[in-house]
Every structure is written in structure tokens, then in C-alpha cells.
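Numbering (our numbering) for the sequence shown: 14 to 113.
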Amino acid sequence: MRDWLVEMAPGFGPKQASMFLRNTGVSYDLAILDRHVLDYMRLIGLRTAQSKPLTTMKRYRCDELSMCDHARALGFPVGILDWAIWIVMRVANKQEGTRI
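In C-alpha cells, the structure reads:
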């Protein structure tokens with residue numbers, strides 16, 4: 014369904030389509046890889062400073078798979094874990110006054 018949204022809805026990329034599907038309750042098995050989640054992934058070693066930007070669906074899926082494996086190891090659906098990460102990283106960045 015995400016692929017269909019990305020293809021058929023102008024302006025929808027994988028992040029926006031994943032967010033729409035999660036927020037409407039369709040699926041919690043998709044990651045919303047925004048800057049907060051990507052920063053977290055870098056902090057725990059799932060990405061590096063040299064990781065390629067998520068400019069293609071293939072690249073997005075690759076990083077999403079890493080995040081899904083991480084979420085599964087922690088016992089959570091990736092859509093719930095990335096929501097929690099987003100909240101924590103957003104607050105941490107505000108307290109630090111800079112991006113982590």
C-alpha cells in the first residue's frame with residue numbers, strides 16, 4: 014500500500030506514506046525515518062555519518078529493514094518504537110539546544 018501511495022499521491026514519499034498508514038492505524042510495521050529516528054540510528058550504530066541519504070525507495074527500505082530488525086529484537090512493532098524514539102530524541106535535542 015505504501016508503494017501505491019508513493020506512486021499515486023504527488024508529494025508523498027516513503028516517510029509521508031508510512032506516517033499516513035501508521036497514523037490511520039493501517040500498519041505499525043512501517044518505519045517513519047525522519048531526522049530524529051535517523052539520529053537515533055546513528056547513535057546506536059545502525060547508520061554512520063557516511064551513510065547515504067534516503068533519496069530512493071531502495072535506500073529507505075534498507076534503513077527501514079535495519080530499524081525493523083532492531084525493533085523486533087526489542088520486542089516492539091517498528092511503528093511504535095520509532096514513535097517513542099521520535100519523542101525522546103526531540104526532547105533530548107531541545108534540552109541540549111542542538112541536534113544529537
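Where a beta carbon is used, it is the ideal one built from N, C-alpha and C, also for glycine.
Predicted model, so just to flag it, every value in this text is computed and none were measured.
Around the beta carbon of Leu43, 16 or more other beta carbons sit within 10 angstroms, so the residue counts as buried. Looking from the CA of Arg48, the closest CA among Leu18, Arg60, Arg85 belongs to Arg60. Per DSSP, the unbroken alpha helix (DSSP H) holding Leu56 starts and ends at 48–57. In the structure shown, Lys107 adopts helical secondary structure according to DSSP, grouped into three states. Counting only residues of its own chain and dropping the five nearest sequence neighbours on each side, Met80 has a CB closer than 8 Å to the CB of Ala44, Leu46, Val50, Met54, Leu59, Val91, Leu94, Asp95.
The shortest CA-to-CA distance from Val19 to any of Glu77, Arg35, Met70, Ala84 is the one to Met70. Counting every other CB atom within 10 Å of its CB across the protein chains shown gives Leu87 a total below 16, marking it as exposed.
Taking the Cα of Tyr73 as reference, the smallest distance to any Cα among Trp17, Lys28, Gly24 is reached at Lys28.
When secondary structure is reduced to three states using DSSP, Ala44 falls in the coil class, being assigned neither helix nor strand.
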